[in-house]
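For what it's worth, this note's numbering labels the leading residue of the sequence shown as 381, then goes sequentially.
The next block holds one structure in the form of structure tokens; read it before the comments.
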Amino acid sequence: MKRFFYLILMFLALYMAACAPQEYEKTQFGLKTIVDSTEIEIQFFSPKIVRVLKSETGFDFEKQSLAVVKGPESNELKTETKGDEVVVSSSDVSVHLNLKTGKVSFYTLTGTSILNEKENGAQFTPVKDVDEDSYVVSQSFVLDQDEKVYGLGQFQDGKMSQRNQELYLLQDILITAIPMLQSDKGYGLYWDNYSPTYFTDTEVETSFRSTVGDCVDYYFMYGENADGVIAQMRELTGQVPMFPYWTYGFWQSKERYKSQDETLDVVKRYRELGVPLDGIIQDWQYWGDNYHWNSMEFLNPEFPEPQKLVDEVHDLNANIIFSIWSSFGPQTKPYKELYENNMLYDFKTWPLTDKNVWPQPKDAAPSGVRVYDAYNPEARDIYWRYLNQGIFKLGVDGWWMDSTEPDHFERVDSDYNQKTHLGSFRKFRNAYPLVTVGGVYTHQRETSTEKRVFILTRSAFAGQQRYGANSWSGDVSTDWSVLRNQISAGLNFSLCGIPYWNSDIGGFFTGRFPGGVENKAFHEIYVRWLQFGTFCPMMRSHGTDTPREIYQFGKKGDWTYDAIEKFINLRYRLLPYIYSTSWDVTANSSSMMRALVMDFAEDKNALDINNEYMFGKSILVCPVTEPMYVKAKHENNKYTGAKEDFSKVRSTNVYLPAGTQWFDFWTGEKMEGGQEVEKETPIDIMPLYVKAGSILPWGPEVQYASEKKADNMEIRIYPGADGEFTLYEDEGDNYNYEDGAFATITFKWDDDAQTLSVSDRQGKFPGMLNERQFRIVIVGAKSGIGLADSKPKSTVEYAGVAQTVKF
């Protein structure tokens, strides 16, 4: 009997031991423990940023993030045990770790649930990654039923919220894969894995599942709102440098200008017509044939004097950037050096053959072009050495880094087994654009600080905002549905913390509009796309199949020409607002293209709208995304038989977010938010509304961004609420601003007192205006708003000293 009683006590002790919470260890940055066979570590990178690491016990690995530049910090943490949970809290959030199940949950300090992992939500499935042991890794979370989440990069499916779908995160020509999301509850989640990854959201769970990884590794960021989340993401992965002032002007491009004379003539024509232009882009083939692909030399006889081309463009007060790629032809010098050092991949990329046509002819010879190993710092050194010697020395103004995904055709799974400098291509696949763009940015900054780095690129990954890059949406087709889908694509991209995005105005492939510029149906979609592009971080006309220069669409007096010219001029009048907004991006982790959740999170009707956004914090933009004035047959995916019909003015429905009043940008009419309104949209009007309390600086008419000093600037006040705006100015194209060479002037509007306060000027820089006029306009239905200056209510003579104006 005693023996039986002893056995019962022994089993009871064992059972209680099994049920008892596991021990945990406090660390400098948080805590760590083992639950079953999973090692779990919680690290605080700041009071609002928490890293969660989970791995199989005994699996030895080293993880050096490619995206994250911040390290963990010692914070004043409070740790306590509550039943089965250990709770570690900073000054902003509490993290609960269940010591029996390993579940991690995040709470506010007042106990409000923010995000919960699913019970037993971490999964590790052993796999062989080439010759190394690894895992398919996944982590599941449980979201609120009505919660909205955004981000994940660029998917051109028209969705704003990313709920209720499965997305395959793999870099491609039209897809930018960024495993970062943020919620309308005010938190963000960055999944730090670079392999092809599945994001799945169902009613039961939301998960990330990556095809290879050593561990579950994610960062929770509590921002309280969307701007706060982006601020945490930037703190984690890098801040945004300033772009040159001229990059915010109008850009003309084409696939491709076939000679340096043709390129130069485009700039000359714009100057002769008096239409503003700041940038011209020289696309591929200045190097000659495909065997010399991306040679970084001017081997094409149509480009005999590249230095002369660059100098003459500059003499016309314009800027030029050149196309460069992540691959090289077999007869180039970079190829030979990279090949000798085993720094080239062996999978099919563009161009597949020696012929520059699509689709590629079956009887053409292979091009031999191969992508270089940008994960290798020595390979990036080689890349820059040839780029510097061949092109940068000419004084070029920036780079068009094409195919930074990179292009990967006729894929087979074994392609991903190739070794990079860091490991298998599969393991690091999605981070390729980050390292190749980062290589050029870093090297140029080390070489010269006279010019700010400007990179136009076709792909991106988390952290790329720190590399002076503006991403475009890829080789999109010209169609109305594609135009509409650009809006949500750009907004979700921006919600990942990367603020600079644009698209090919007019679409890249115009095959659905036979005849191109001869087809009036193309004229209409081009005008509407250009209107959208006016309110993107970069305004750039580009495409193949048909030319896009303004003079291809007729002459003054023609509806297409006039609408194009009107919006190019509007872009330039808005440059002080745009450039000041870019400073807000750099200095305060703001965003330029702002999904409505960023400014109107309390308005549930606004959270899933996919065709409107804020441009900066003042202007509501609603692009027109359907044909109105050119009727065309739409058969076999072609628009033919176009007939113009301007007999009736059409309209577009616009939702005005609640919580503020709005001014019609074009008429000055004031209306309440929280309602849908109908806006007449003739071909030269896109719905634009300005939030009450906004202050807009209005620049002079110019032919290029820096043509005139803004010594007689109009300041537009949109009354109905208090407002504030900081005007930012600097030298425009160097890094002296990083050492404080810039000036700001803050305008504050007191709506009750009807007064405008202009602050003391803060800071200074070479060439700064010491004295100037501000012409103050109070906007209303009778103020005469339009491209022409309105009659000012008051003129402020400003010499850097604070003033207050009463109205």
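Even for Gly, the Cβ is constructed at its ideal location relative to N, Cα and C.
- For valine 820, there is no enclosing beta strand (DSSP E); the residue is part of the alpha helix (DSSP H) that begins and ends at 812 to 827.
- The continuous stretches of beta strand (DSSP E) do not include serine 470, and DSSP gives it neither H nor E.
- Only residues of its own chain outside the window of five on either side were considered, and among them Tyr625, Trp626 and Gly1112 have a CB closer than 7 Å to the CB of serine 1086, listed in chain order.
- Beta-bridge analysis with DSSP links glutamine 1055 to Leu1036.
- If one requires a minimum length of 3 residues, the beta strand (DSSP E) runs lying completely within the stretch 773 to 808 are 778 to 781, in chain order.
- Cα atoms of glutamate 527 and serine 563: separation of roughly 7 Å, rounded to the nearest angstrom.
- Under the DSSP definition of a beta bridge, serine 1137 partners with Lys1128 and Thr1184.
- Restricting attention to alpha helix (DSSP H) runs no shorter than 4 residues, the stretch 560 to 635 encloses them at 606 to 617, ordered along the chain.
- Looking at the backbone, the Cα of serine 794 and that of glutamine 551 are separated by about 17 Å.
- For glutamate 421, the enclosing beta strand (DSSP E) begins and ends at 418 to 426.
- When DSSP states are grouped into helix, strand and coil, methionine 978 belongs to the helix group.
- Here DSSP, grouped into helix, strand and coil, assigns alanine 698 to coil.
- CA-CA distance, alanine 1161 to threonine 1047, rounds to 6 Å.
- By the C-beta density criterion, proline 681 is exposed, having fewer than 16 other C-beta atoms within 10 angstroms.
- Where threonine 966 is concerned, the enclosing alpha helix (DSSP H) starts and stops at 955 to 968.
- Annotation: the continuous beta strand (DSSP E) that includes tryptophan 1042 extends over 1041 to 1044.
- Per DSSP, the continuous beta strand (DSSP E) segment holding threonine 505 begins and ends at 493 to 509.
- According to the DSSP assignment, phenylalanine 995 belongs to the beta strand (DSSP E) that extends over 993 to 995.
- Contact between glycine 566 and glutamate 604 is confirmed by a C-beta separation of about 4 Å, below the 8 Å threshold.
- Residue state for alanine 1179 is assigned as coil, using DSSP reduced to three classes.
- Its chain contains Asp572 as the residues whose beta carbon lies nearer than 7 Å to that of serine 445, once the 5 sequence neighbours on both sides are disregarded; these appear in chain order.
- Cβ neighbours of valine 977 within its own chain (closer than 6 Å, five residues either side excluded): Asp564, Ala606 and Leu987.
- By the Cβ-count criterion, valine 449 is exposed, with fewer than 16 other Cβ atoms from all chains shown falling within 10 Å of its own Cβ.
- In this structure, the CA atom of threonine 829 is about 24 Å from the CA atom of threonine 784.
- Arginine 838 sits in coil when the DSSP states are folded into three classes, being neither helix nor strand.
- Between glycine 870 and tryptophan 860, the gap from beta carbon to beta carbon reaches 9 Å or more.
- The three-state secondary structure of leucine 724, taken from DSSP, is strand.
- Restricted to the stretch 722 to 769, not a single alpha helix (DSSP H) segment is unbroken, complete and at least 4 residues in length.
- Under DSSP, glutamate 1015 takes part in a beta bridge, and its partners are Lys1018.
- By the neighbour-count criterion, in which a residue is buried when 16 or more other Cβ atoms sit within 10 angstroms of its Cβ, glutamine 687 is exposed.
- Within the DSSP bridge table, the entry for histidine 672 names no partner.
- If you draw a straight line from the Cα of lysine 1013 to the Cα of phenylalanine 893, it comes to about 11 Å.
- Taking the Cα of proline 746 as reference, the smallest distance to any Cα among Gly654, Ser417 and Asp734 is reached at Asp734.
- Looking at the backbone, the Cα of glutamate 465 and that of isoleucine 414 are separated by about 13 Å.
- Counting along the chain, phenylalanine 486 sits inside the beta strand (DSSP E) bounded by residues 484 to 488.
- By the Cβ neighbour-count rule, threonine 490 is exposed, with fewer than 16 other Cβ atoms within 10 Å of its own.
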